[in-house]
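Participant:
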Amino acid sequence: MNFLQGVDGSPAGADAGHRAGSGHSGRRARSEQKILDATRELLGEEGFASLTVEGVAARAGVAKTTIYRRYRSRNDLALAVLLDMVGDVSTRPYAEETETELTKLVDRTAELMRTSVMGRIMKGLVSEVAADPELAQVYRERVVSHRLADVRALVEHGISRGELRADLDAEMVTDLLLGPIYYRFFLSGAPLDEGFAKRLVTTLLPAFTPR
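With the first letter of the sequence shown counted as 1, position 57 gets the number 57 in the UniProt record's numbering; the numbers rise by one all the way through.
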């Protein structure tokens with residue numbers, strides 16, 4: 001079974017809490033949520049390196065077989081928690097000028113990487129994604145594509161307001177806005193301080209706006 005699906009065939013992760021109903025399907029959904037909550041707690045307390053299926057099972061109060069029916073490994077558990085958090089980055093609906101919205105998106109992403117369990121998950125998964133084609137495919141389809149969709153909507157909003165170039169490539173904008181966050185977080189160690197988002201957007205904005 002694909003780890004993105006619950007035992008009833010519905011998507012796992014972000015929708016688990018909303019599928020809690022009555023009867024057998026409700027018990028399945030509640031069990032799924034317990035697994036995700038336990039994984040998130042353990043990642044926050046001990047980090048990815050110490051995460052085990054056994055530990056999640058013990059914390060969630062479920063059998064290991066219950067977890068393995070949904071997830072192949074601890075990598076899939078961590079990714080499911082990450083998928084559950086993806087929506088936290090979005091700043092939609094966009095109500096302010098485009099420069100402000102771009103800054104909010106960068107700032108929110110940097111804040112989550114710096115202060116939440118999301119950063120721990122990303123650090124733990126980065127090498128796993130590179131080595132596991134199936135994990136990489138899911139990561140691109142469910143995490144990267146989500147970020148790209150957010151930026152594309154923001155770019156379209158800016159173009160409609162006349163604040164961004166009509167020929168602006170949303171994928172390139174995504175790379176330019178979010179790439180520096182990951183470079184600092186994973187490689188250089190330079191701070192993702194509170195002023196980072198504003199400085200980055202101020203630097204890039206001339207390339208985005210109509211000449």
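No residue lacks a Cβ here, since even glycine has one placed at the ideal position from N, Cα and C. These numbers come from a predicted model, not from an experiment.
With a 10 Å radius around its C-beta and 16 neighbouring C-beta atoms as the bar for buried, classify residue 247 as buried or exposed.
Facilitator: Residue 247 falls outside the range modelled here, since the chain spans only 1 to 211, and no answer is possible.
Participant: Tell me whether the segment 52-60 and the segment 104-118 touch, counting them as touching only if at least three CB pairs, one residue from each stretch, are closer than 8 Å.
Facilitator: Touching, no, given that fewer than three Cβ pairs across the two stretches are closer than 8 Å.
Participant: For Y71, report the span of its alpha helix (DSSP H) as first-last.
Facilitator: That residue, Y71, is in no alpha helix (DSSP H); it is neither H nor E in DSSP.
Participant: To test your reading of the DSSP string, which unbroken beta strand (DSSP E) runs of 3 or more residues are found completely within the segment 160-209?
Facilitator: Fully enclosed beta strand (DSSP E) runs of 3 or longer: not present.
Participant: Which value, in whole angstroms, describes the spacing of the CA atoms of H157 and T202?
Facilitator: Roughly 18 Å separates the two Cα atoms.
Participant: Y71 to R120, Cα distance in whole Å?
Facilitator: The straight-line gap from Cα to Cα measures roughly 19 Å.
Participant: Measuring straight from C-alpha to C-alpha, what distance separates L192 and T100?
Facilitator: Distance between the alpha carbons of L192 and T100 is about 18 Å.
Participant: Kindly indicate the opening and closing residues of the alpha helix (DSSP H) around S127.
Facilitator: Start and end: 117-131.
Participant: Would you check if there are 3 or more beta carbon pairs closer than 8 Å linking the segment 166-182 to the segment 81-100?
Facilitator: No contact exists between the segment 166-182 and the segment 81-100.
Participant: Assign R59 to one of three DSSP states: helix, strand, or coil.
Facilitator: Helix.
Participant: Taking L102 as the reference, give the member of D37, E141, L36, L164 with the closest Cα.
Facilitator: Answer by Cα proximity: L164.
Participant: For E97, name the three-state secondary structure that DSSP assigns.
Facilitator: In the structure shown, E97 sits in coil (DSSP, three-state: anything other than H, G, I, E or B).
Participant: Does the count of Cβ pairs from the segment 59-78 and the segment 147-156 closer than 8 Å reach three?
Facilitator: Not touching, per the Cβ criterion.
Participant: Report buried or exposed for G189, applying the criterion of at least 16 other Cβ atoms within 10 angstroms of its Cβ.
Facilitator: G189 comes out exposed.
Participant: Report the option in R30, V62, L42, R108 whose CA atom is closest to the CA atom of F196.
Facilitator: The shortest Cα separation from F196 among R30, V62, L42, R108 belongs to R108.
Participant: Report the CB separation of V62 from S31 in whole angstroms; it is logged as a contact under 8 Å.
Facilitator: With 8 Å as the limit, V62 and S31 qualify as a contact, their Cβ atoms being about 6 Å apart.
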